[in-house]
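Structure first, then comments.
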Amino acid sequence: MSMFSNNPALRWLMHNPIWGFVLLIFVFFSLSADHFFDARNLQNIVVQTSTIGLIALGMTLVMINGNIDLSVGATLALAAAFAVDVQSWAAFATWGNWQILPAVCLALLAGIAMGAINGFIVWKTGVDAFIVTLGAMLGIRGLVFVYTGEQSFYAANFAYSDFSMMSLGPFPVLAVIFVLAVIAVHWLLSRTVHGRNTYAVGGNREAAVNAGIRVGPHMMINFMLIGFLAALSGVLLSTQMGAATPNLGRDYELWVITAVVLGGTKLTGGKGDIIGTLGGVLAIGILRNGMNLMQVPAFYVYVILGSILIAVLFLDKRFNRTQNGGLRL
Amino acid sequence: MTMPHTPALQLQGIVKTFPGVRALDGVDFDVRPGEVHALLGENGAGKSTLMKVLAGMYQPNEGRILIGGKTVAIRNPIEAKAQGVVLIHQELSLVPEMSAAENIYLGELPRKSLGRVDWKTLFAKSNAILERLKCRFRAEVTVANLSIANQQMVEIARALTVDARVVVFDEPTASLTDAEKVVLFDIITDLKAQGVGIVYISHRMDEIFTLSDRITVLRDGQYRGTLDTAATNEDEVTRLMIGRSLDLTRHEAPPEFGKTMLEVRNLSCAPLFRDISFSVRAGEVVGFYGLVGAGRTEIAETLFGLRSPSAGEILVDGQPVQITNPRAAIALGISLVPENRKEQGLVLHMNCRDNMTLPQVQDLTSGPFISNGAEIAIFDQYRDRLAIKTPSWKQSASVLSGGNQQKIVIGKWLSMQPRVLIVDEPTRGIDVGSKSEIHTLLRELAAQGYAVIVISSEMPEVLRVSDRIVAMYNGRIMREFDISEVTEDNLVQAISGIKAEEVA
Ligand SMILES: Nc1ncnc2c1ncn2[C@@H]1O[C@H](COP(=O)(O)OP(=O)(O)OP(=O)(O)O)[C@@H](O)[C@H]1O
Ligand SMILES: [Mg+2]
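Protein chains in written order, with this note's numbering: chain A, -9 to 319; chain B, 155 to 658.
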């Protein structure tokens, strides 16, 4: 123990065990999978990670706040459907490439609106966020099917799908967007009053209320943010596919929650950070990518991730216990 | 001494009801600038509720609040603070994962542009306040890593964040060490000199009589009167509070003791305590006296299987035993009433009865079902015994007054009829009437042949209940006293680490 705690790098790793795991699998795949370490593949990993990663940023806020959002996959599908469909509306037929703009704006607004509805219901009724967003998950997914008539939409404007191939210098634009979002949300959470109050509400809601913090608006803002990020993720995903399918984003809520919990955010709220979440999504991204390169069947990824999830939480508990002076609770 | 007699704050005819409870029934109360006004009453009398009305956490059903002579509406805690009213809560109201500084300024973190937190100002101001309180930790530390006493200091630090007109302390000393109490009393004197009105709630008569200028007594939510401290005495206040006088004599000559029930040999748990040896016989009450932080709670936790000792032996009935978890301890007949009731002793959202019968519910069955009648019988018995104030057993434990929650926890373990009962600060936050009832109960348990260990930081308490007193200092046993040889002086010496002069 004492040997560990003297070295700041090791001490940091002890508090962020997921980054140790990221490092481990990174080295492992670099050595054992051909082409893993290629610059191209590394870019790929970041792009692939960004889909889940963007939502995970929002989920971190919502979970630290003491809530959860299960409707993100459905919101993603809704936003993707809007973004692809609206650009082919007759009203924008003469807009050229500008027809993409109203489509994307509408898609993002839809995401914010879904989040606002979730947040508002949780705030005003006091019903558990799990239940509210479970309902929203089913409801929104249903809407998507109604809206698309169970069909896939294909982007009419080729500029739309070209967007995902663009690069800023050596960096793919999708990766750049993700990194910017990481920085922005990290800043929001760690530097702003809203971010700190998010921790306070999740850490001890009664104390927050006693101190005069208005709990409801903070929760609402965080739900709107996750709605926005889920929609953004949906838009970017549809640019990669040049299409939107009604089943897009199925199970994403599970991947996202796994990543966030891997990153050390507590399900009960009050604890967690973006650095951890970034580690969580990278772990999932690297694992999926590396095992794909090694041609391991995809379902093994589930088995490994499940085991890792439990192992990381176990380690976390161990470390926290020794910190409490060995008191068994 | 002349005092300005226009009150800084006045409450008139306050009524507050909860479902099934009339918590406040037309209460009048006022605080003058520069006075300490003590608020007294039994557990559940409505003291905390009255102060929460004042702080904007509850809206009264009737009555009005006047500040500086003008009627005001206080809709939430921020408005109260803006009016200069600060409430230091009875139960810690802190966010454990956040820094001390953020907790001190919770709800009003200093801002920069773009809604950013102004960390520099925050830490500078918080550290200045902590320095004034002579705290030995920095504002940057996470609250979860602080001791309960230091957490209490963080709570108190909130009173110094604004130019307060009135500061309410709701049982602030419950978990403070004597040294910290002195600092707190200095701060109170300081605030008083600046013309701040202080409301002070406590069940400790000695504090009330040293600090306060006036005393107001509540009983069952009703106003019973206001007395000048200088013109009254403990007995009068007690009678106003509980309707009778208290018998404060020490218990009679020690009875015959039975065989040794629990023995501890050279028990250590570095760095918390070292080399602890003592024994408890059937029929005996052993008091553990020392300052907060002397290692007494940790010994109790070790005996109850919550910590692993690093060396030493525990013997129950003369047999060496390994106690690795609380279930093993309960199976051996050892029970612990923990110090921190809210976190360790209660399932807050469960009702009163279920909380009380929780550890023995598997024994209270009729056929495959839990026997409702048996559970209620146990609850009724201890509700009467301990004077627990609740409209019915169905009430959720979370809404009981602080003292009544404590009583539920005590009742829970007493009803288990353990062979060795360890109680940690059994009367912290408990009113004087029930306090003496609990003391009597502990004596009775011993008389029935149980072995009882009482951990307490209150000297009158250990002197009243114990047959033997173990004095601890800094993780070590300094001395063991028989009740006949103990005096206040040699006890104080022992717990401050001064060895009794040894005869060569
Ligand atoms: N939120 C609530 N819902 C229902 N009943 C409540 C609530 N808050 C308090 N009560 C009841 O109101 C009464 C007064 O409680 P209060 O906390 O004011 O007592 P107190 O005088 O502070 O006692 P203590 O000395 O034990 O702290 C109690 O009977 C309590 O059970
Ligand atoms: Mg109270």
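Think of the CB as a built atom: it goes at the ideal place given N, C-alpha and C, for glycine as much as any other residue.
Note that this is a predicted model, so its numbers are computed, not measured.
- With respect to the beta strand (DSSP E) encompassing residue 325(B), which residues constitute its N-terminal and C-terminal limits? Numbered from its first residue, the second sequence carries residue 325(B) at position 171. Neither: residue 325(B) is in no beta strand (DSSP E) and is coded neither H nor E.
- Nonlocal neighbours in the same chain, by C-beta distance under 6 Å from residue 119(A), ignoring five residues either side: Translated into the one-based positions of the first sequence, residue 119(A) becomes position 129. Around residue 119(A): 57, 58, 112.
- Message: Between residue 114(A) and chain B, is the shortest Cβ-Cβ distance under 8 Å, so that the two count as touching?
- Response: Within the first sequence, residue 114(A) is the residue found at index 124, counting from 1. So no, residue 114(A) is outside the interface.
- 8 Å Cβ shell around residue 102(A) - same chain, five flanking residues per side excluded: Numbered from its first residue, the first sequence carries residue 102(A) at position 112. The answer, listed in chain order, is 214, 217, 218, 221.
- Task: Verify whether the separation of the beta carbon atoms of residue 325(B) and residue 583(B) is less than 8 Å.
- Result: The sequence position of residue 325(B) within the second sequence is 171, counting from 1. The sequence position of residue 583(B) within the second sequence is 429, counting from 1. Against a cut-off of 8 Å, the Cβ pair of residue 583(B) and residue 325(B) comes out as a contact.
- Task: Grab the span of the alpha helix (DSSP H) containing residue 455(B) for me, first residue to last.
- Result: As a first step, residue 455(B) is located in the second sequence; it is residue number 301 there, counting from the start. Looking at the DSSP string, the run of the alpha helix (DSSP H) that includes residue 455(B) is 450 to 457.
- Item | Which of helix, strand or coil DSSP assigns to residue 275(A) | What you label residue 275(A) is simply residue 285 of the first sequence in a count that begins at 1. Three-state DSSP puts residue 275(A) in a helix.
- Message: Buried or exposed for residue 556(B), going by 16 or more other Cβ atoms inside 10 Å?
- Response: The residue given as residue 556(B) occupies position 402 in the second sequence. So residue 556(B) ends up on the buried side.
- Under three-state DSSP, which class holds residue 190(B)? Taking the first residue of the second sequence as 1, we reach residue 190(B) at position 36. When secondary structure is reduced to three states using DSSP, residue 190(B) falls in the strand class.
- Verify the contact flag: residue 201(B), CB atom, against every heavy atom of ligand 2, threshold strictly below 7 Å. Taking the first residue of the second sequence as position 1, residue 201(B) is located at position 47. Flag set: Cβ of residue 201(B) near ligand 2.
- Item | Bounding residues of the beta strand (DSSP E) (the contiguous stretch that carries residue 465(B)) | Here residue 465(B) is taken as the residue at index 311 of the second sequence, counted from 1. Per DSSP, residue 465(B) belongs to the beta strand (DSSP E) from 465 to 470.
- Message: Against chain A, does residue 548(B) count as a neighbour if the rule is that its beta carbon must be under 8 Å from one of theirs?
- Response: Start at 1 with the first residue of the second sequence, and residue 548(B) comes out as number 394. Chain A, which has no Cβ nearer than 8 Å to the Cβ of residue 548(B), makes this no.
- Terminal residues of the continuous alpha helix (DSSP H) containing residue 178(B)? Position 24 of the second sequence, counted from the first residue, corresponds to residue 178(B). Element bounds for residue 178(B): not the alpha helix (DSSP H) but the beta strand (DSSP E), 175 to 185.
- Just the C-alpha distance for residue 429(B) and residue 609(B), rounded to the nearest angstrom, thanks. Working through the second sequence from its first residue, we reach residue 429(B) at position 275. Working through the second sequence from its first residue, we reach residue 609(B) at position 455. Residue 429(B) and residue 609(B): Cα-Cα distance of roughly 18 Å.
- Task: Jot down the residue ranges of each uninterrupted beta strand (DSSP E) in the stretch 559 to 646 of chain B, minimum 3 residues, whole runs only, in chain order.
- Result: 574 to 578, 605 to 610, 622 to 627, 630 to 636
- In angstroms with no decimal places, state the Cα-to-Cα distance between residue 315(A) and residue 348(B). For the purposes of this step, residue 315(A) is taken as residue 325 along the first sequence, with counting starting at 1. For the purposes of this step, residue 348(B) is taken as residue 194 along the second sequence, with counting starting at 1. Because the pLDDT of residue 315(A) is 48, which lies under 50, any placement of that residue in the model is unreliable, and the question is left without a value.
- Query: Can you list the residues of chain B that residue 203(A) reaches, using a CB-CB cut of under 8 Å?
  - Reply: For this step, residue 203(A) is matched to residue 213 along the first sequence. Within chain B, the residues near residue 203(A) are 260, 261.
- Taking just the CA atoms, how far does residue 250(B) sit from residue 298(B)? Mapped onto the second sequence, residue 298(B) falls at position 144. Mapped onto the second sequence, residue 250(B) falls at position 96. In this model, residue 298(B) and residue 250(B) are separated by some 5 Å (Cα to Cα).
- Query: Does any heavy atom of ligand 2 sit closer than 7 Å to the C-beta of residue 244(B)?
  - Reply: Stepping through the second sequence from its first residue, residue 244(B) is reached at position 90. Yes; taking the cut-off as 7 Å, the Cβ of residue 244(B) has a heavy atom of ligand 2 nearer than that.
- Cross-chain neighbours of residue 261(A) in chain B, by beta carbon under 7 Å: Against the first sequence, residue 261(A) aligns to sequence position 271. Simply 251.
- According to DSSP, is residue 263(B) helix, strand or coil? Taking the second sequence and counting its residues from 1, one reaches residue 263(B) at position 109. Looking at residue 263(B) - three-state DSSP - the assignment turns out to be coil, as it is neither helix nor strand.
- Message: With DSSP as the reference, identify every bridge partner of residue 382(B), one or two as the case may be.
- Response: Your numbering for residue 382(B) matches position 228 in the second sequence. In the DSSP output, where bridge partners are listed per residue, residue 382(B) has 368(B).
- Message: Please identify, using Cβ separations under 7 Å, the residues of the stretch 205 to 217 of chain B that lie next to chain D, in order along the chain.
- Response: In the structure shown, chain D does not exist; the protein chains are A and B.
- Task: Could you tell me how far apart the beta carbons of residue 157(A) and residue 226(A) are, in whole angstroms, since I believe they sit closer than 8 Å?
- Result: As a working mapping, residue 157(A) is identified with position 167 in the first sequence. As a working mapping, residue 226(A) is identified with position 236 in the first sequence. Not quite, the Cβ-Cβ distance comes to about 15 Å (not below 8 Å), so this is no contact.
- Task: Report, in whole angstroms, the separation of the C-beta atoms of residue 246(A) and residue 62(A), which I expect to be a contact under 8 Å.
- Result: In the first sequence, residue 246(A) corresponds to position 256, counting from 1. In the first sequence, residue 62(A) corresponds to position 72, counting from 1. Sure, about 6 Å apart at Cβ, within 8 Å.
- Message: Counting only C-beta atoms, is residue 243(B) closer than 8 Å to chain A at any point?
- Response: Counting from 1 along the second sequence, the entry for residue 243(B) is found at position 89. At least one chain A Cβ lies under 8 Å of residue 243(B).
- residue 234(A) (DSSP reduced to helix, strand or coil): Position 244 of the first sequence, counted from the start, is the residue given in the question as residue 234(A). In this structure, residue 234(A) counts as strand in the three-state DSSP scheme.
- Under 8 Å between C-beta atoms of residue 243(B) and residue 354(B): The residue you call residue 243(B) lines up with position 89 of the second sequence. The residue you call residue 354(B) lines up with position 200 of the second sequence. In this structure, residue 354(B) does not lie closer than 8 Å to residue 243(B) by Cβ.
- List, in order along the chain, the chain A residues whose C-beta lies closer than 7 Å to that of residue 247(B)? Numbered from 1 along the second sequence, position 93 holds the residue referred to as residue 247(B). Residues of chain A passing the Cβ test: 196, 197, 200.
- Checking contacts by CB at 8 Å: is residue 184(A) closer than that to chain B? Stepping through the first sequence from its first residue, residue 184(A) is reached at position 194. Interface with chain B (8 Å Cβ-Cβ cutoff): residue 184(A) is included.
- Query: Which chain B residues sit within Cβ distance under 8 Å of residue 254(A)?
  - Reply: Residue numbering aside, residue 254(A) sits at position 264 when the first sequence is read from its first letter. Residues of chain B passing the Cβ test: none, with the nearest at roughly 12 Å.
- Message: residue 11(A) and residue 20(A) - do their beta-carbons sit closer together than 8 Å?
- Response: In the first sequence, residue 20(A) corresponds to position 30, counting from 1. In the first sequence, residue 11(A) corresponds to position 21, counting from 1. Against a cut-off of 8 Å, the Cβ pair of residue 11(A) and residue 20(A) comes out as no contact.
- Message: Residues of the stretch 287 to 310 of chain A in Cβ contact with chain B at a cutoff of 9 Å, in chain order, please.
- Response: none
- Straight-line gap, residue 196(A) to residue 265(B) (C-alpha atoms, nearest Å): Stepping through the first sequence from its first residue, residue 196(A) is reached at position 206. Stepping through the second sequence from its first residue, residue 265(B) is reached at position 111. Taking C-alpha positions only, residue 196(A) is separated from residue 265(B) by approximately 23 Å.
- Item | Of the listed residues 351(B), 350(B), 514(B), 362(B), nearest to residue 335(B) (C-alpha basis) | Within the second sequence, residue 335(B) is the residue found at index 181, counting from 1. Nearest of 351(B), 350(B), 514(B), 362(B) to residue 335(B), Cα basis: 362(B).
- Item | Straight-line gap, residue 165(B) to residue 240(B) (C-alpha atoms, nearest Å) | Translated into the one-based positions of the second sequence, residue 165(B) becomes position 11. Translated into the one-based positions of the second sequence, residue 240(B) becomes position 86. The straight-line gap from Cα to Cα measures roughly 15 Å.
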